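Colleague: Just dropping this structure here.
Protein chains: 2
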Amino acid sequence: MKSTYSIAEIQSWDRFTRANFINTLSGFKSLSLIGTVNGKGISNLAIFSNIVHLGADPALIGFINRPLEAAPHTLQNIQETGFYTVNLVTESMCNQAHLTSAKYPEGVSEFEMTGLTEEYREGWKAPFVEESPVQYLLKFEQVIPIELNGTFLVIGSLQAAFVPAEIQEEDGFLDLAKVEILTSLGTSGYYKTEKISKLPYAKVK
Amino acid sequence: MKSTYSIAEIQSWDRFTRANFINTLSGFKSLSLIGTVNGKGISNLAIFSNIVHLGADPALIGFINRPLEAAPHTLQNIQETGFYTVNLVTESMCNQAHLTSAKYPEGVSEFEMTGLTEEYREGWKAPFVEESPVQYLLKFEQVIPIELNGTFLVIGSLQAAFVPAEIQEEDGFLDLAKVEILTSLGTSGYYKTEKISKLPYAKVK
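Chains as they are written, first to last, in this note's numbering: chain A, 10 to 214; chain B, 10 to 214.
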């Protein structure tokens, strides 16, 4: 038996209960840390789960940024410097990744506060997370304001990817579970994964 | 040791390898079936994984629709009738859910072709998937064209939710793993999940 909730009933709940419910209702999400740096060289690291694959040719990946008053730094840094890294999160990095969501004083890097390690690659200013086995670099392409609630869809184009050879299958597929990449649920749930099937391209007989 | 790939190298791969690589690189996603009906009463069911939580107040959920020439029906039906259902996918529904991505002749419902069961609720025209333990209904709010590649961000507002009582925690969190909801990876990978932690709201001491 299912419980049935109208939106009127959901809206009557306190804001934390409502947010947890709605955020988990839409299912598991990508668990990603976005690394940026501002014009003064101060790095920033923030946890994001609303990541979308937009297309492979050109290779475009988007994420949802909350309203600027709630989450200003990542988007500001991306617009200032033009590049950002995305780093998938494993079980051993999970607690530190979660802590990046706390509100630290201005001018303090989340790398320093959480103990995750900044990794720089020649030619790129944006910091990677050294502990992450799967990392990629995006170039800022477009920010689309979502006027319904003040959020933003931020779109980047893939520039480079850094992945363990042992998770890459012949057809390009990356089996992320092999290096313990997690999936997230809402803003508090962290889940490990296990492959149950990989199905061929669906065709009508 | 990581393999390093520049975008130039990734672009040199055949299109299937490139698409698998880029699509899996961005991490695990929601595994959702979107149910719609057109003005003539023909139902449609399609698998989507690029679902984003946009906000809880108002309760807005978005998804990415591919270019119209590749995936016309879901978006057309949503714009025609104004409402659509989202149905999370379990292990036992996984093969059927995957088959909704095949290209069937015009006028044939994916419900019929895959054997998933249409479920209708009084007052709403859009079909739910009876086999799905976690379902919700959205009202169409806005479609935002993404000009960079011809895709669309489709935004709906939550109208009602149907969830098993036993997965709902006191704080509103839905532990989807308890009813075997899957997460997807790329367009071919299906993974089950296991909760490893639920962490409290991160605060600076």
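Using N, Cα and C, we set each Cβ at its ideal position, and we do this for glycine too.
Note that the coordinates shown come from a computational prediction; the quantities given were computed from them, not determined experimentally.
Is the number of C-beta pairs between the stretch 31-51 of chain B and the stretch 185-194 of chain A that are closer than 8 angstroms three or more?
Modeller: Enough Cβ pairs lie closer than 8 angstroms, so yes.
Colleague: For I43 of chain B and T94 of chain B, what's the separation of their Cα atoms in angstroms?
Modeller: Near 6 angstroms, if we compare the C-alpha coordinates of T94 of chain B and I43 of chain B.
Colleague: Select from the stretch 32-46 of chain B all residues with a C-beta closer than 9 angstroms to any C-beta belonging to chain A, and list them in chain order.
Modeller: N32, T33, L34, S35, G36, F37, K38, S39, L40 and S41
Colleague: Could you check how far apart the C-beta atoms of Y200 of chain A and T202 of chain B are, in whole angstroms? I think they sit under 8 angstroms.
Modeller: 4 angstroms
Colleague: Going by other Cβ atoms of all chains shown within 10 Å of its Cβ, with 16 needed for buried, is G224 of chain A buried or exposed?
Modeller: A query on residue 224 of chain A cannot be resolved here, the shown segment of chain A reaching from 10 to 214 and no further.
Colleague: If you count every other CB in all the chains shown that lies within 10 Å of the CB of D184 of chain A, and 16 or more means buried, which is it?
Modeller: Sixteen is the threshold: when 16 or more other Cβ atoms of the shown chains lie within 10 Å of the Cβ of D184 of chain A, as they do, the residue is buried.
Colleague: Would a check of beta-carbon distances place V61 of chain A closer than 7 angstroms to chain B?
Modeller: By this cut-off, V61 of chain A is an interface position.
Colleague: Taking one C-beta from the stretch 142-154 of chain B and one from the stretch 163-173 of chain B each time, how about it: are there three or more such pairs within less than 8 angstroms?
Modeller: When C-beta atoms of the stretch 142-154 of chain B are compared with those of the stretch 163-173 of chain B, three or more pairs fall below 8 angstroms, so the two segments count as touching.
Colleague: Give the secondary structure of E127 of chain A by DSSP, where H, G and I count as helix, E and B as strand, and everything else as coil.
Modeller: In the structure shown, E127 of chain A sits in a strand (DSSP, three-state: E or B).
Colleague: So if I threshold CB-CB distances at 8 angstroms, which residues from the stretch 163-177 of chain B count as touching chain A?
Modeller: Cβ contacts with chain A come from I164, S166, L167, Q168, A169, A170, F171, V172, P173, A174 and Q177.
Colleague: Using 7 angstroms as the threshold, is the C-beta distance between S166 of chain A and L84 of chain A below it?
Modeller: no
Colleague: Any idea what DSSP makes of V213 of chain B, helix, strand or coil?
Modeller: coil
Colleague: Check distances from the C-beta atoms of the stretch 64-78 of chain A to those of chain B and list, in chain order, the residues that come in under 9 angstroms.
Modeller: G64, A65, D66, P67, A68, L69, I70, G71, F72, I73, R75 and P76
Colleague: Going along chain A in order, which residues have a C-beta closer than 7 angstroms to the C-beta of H82 of chain B?
Modeller: The contacting residues do not exist; H82 of chain B stays about 15 angstroms from chain A at best.
Colleague: Is it a yes or a no for the stretch 90-109 of chain B touching the stretch 40-59 of chain B, going by three-plus beta-carbon pairs under 8 angstroms?
Modeller: Three or more beta-carbon pairs drawn from the stretch 90-109 of chain B and the stretch 40-59 of chain B are found closer than 8 angstroms, and the two stretches are therefore classed as touching.
Colleague: What did DSSP end up calling A80 of chain A once you bin it into helix, strand or coil?
Modeller: coil
Colleague: Applying the 10 Å Cβ sphere with the 16-neighbour rule, what's the burial state of G195 of chain A?
Modeller: Its Cβ being crowded by 16 or more others within 10 Å, G195 of chain A is buried.
Colleague: Could you tell me which uninterrupted alpha helix (DSSP H) segments, each at least 4 residues in length, are contained entirely in the stretch 44-93 of chain A, listed from first to last along the chain?
Modeller: Taking only runs of at least 4 residues, the alpha helix (DSSP H) segments lying wholly in the stretch 44-93 of chain A are 82-90.
Colleague: Per DSSP, which one or two residues make a beta bridge with L34 of chain A?
Modeller: Answer is none; L34 of chain A lacks a bridge partner.
Colleague: Taking only the alpha-carbon atoms, compute the straight-line gap between E156 of chain A and E150 of chain B and give it to the nearest angstrom.
Modeller: 11 angstroms
Colleague: Does any CB atom of chain A fall closer than 7 angstroms to the CB of S118 of chain B?
Modeller: no
Colleague: By DSSP's criteria, Q177 of chain A is part of a beta bridge. Which residues make up the other side?
Modeller: Answer is A:L183.
Colleague: Please state the DSSP three-state secondary structure of E115 of chain A.
Modeller: coil
Colleague: Exposed or buried, what is A186 of chain B when buried is set at 16 or more other beta-carbons lying within 10 Å of its beta-carbon?
Modeller: buried
Colleague: Say whether chain A places a C-beta atom closer than 7 angstroms to the C-beta of K11 of chain B.
Modeller: yes
Colleague: Given that a residue counts as buried once 16 or more other Cβ atoms are within 10 Å of its Cβ, and exposed if not, what is K102 of chain B?
Modeller: Lys is not the amino acid found at residue 102 of chain B; the sequence shown has Met there. That one is buried.
Colleague: If we cut at 7 angstroms on Cβ distances, does V213 of chain B have a partner in chain A?
Modeller: Taking CB atoms only, V213 of chain B has a neighbour in chain A less than 7 angstroms away.
Colleague: Taking just the CA atoms, how far does S21 of chain B sit from H82 of chain B?
Modeller: 32 angstroms
Colleague: Using DSSP with H/G/I as helix, E/B as strand and the rest coil, what is T26 of chain A?
Modeller: helix
Colleague: Quick one: is F25 of chain B buried, meaning 16 or more other Cβ sit within 10 Å of its Cβ, or exposed?
Modeller: exposed
Colleague: Quick one: which chain B residues come within Cβ less than 7 angstroms of A111 of chain A?
Modeller: A211, K212 and V213
Colleague: For I87 of chain A, collect the residues of the same chain with a Cβ closer than 7 angstroms to its Cβ; drop the 5 residues on either side in sequence, then sort them by chain order.
Modeller: Only T45, Y93, F149 and V163 meet the Cβ criterion.
Colleague: According to the Cβ coordinates, are L54 of chain B and F161 of chain B closer than 7 angstroms?
Modeller: Against a cut-off of 7 angstroms, the Cβ pair of F161 of chain B and L54 of chain B comes out as no contact.
Colleague: With DSSP run on the structure shown, which of helix, strand or coil describes L108 of chain B?
Modeller: helix
Colleague: Which bits of chain A does Q151 of chain B rub up against, with CB to CB less than 7 angstroms?
Modeller: For Q151 of chain B, the chain A residues whose C-beta falls within less than 7 angstroms of its own C-beta are L157, listed in chain order.
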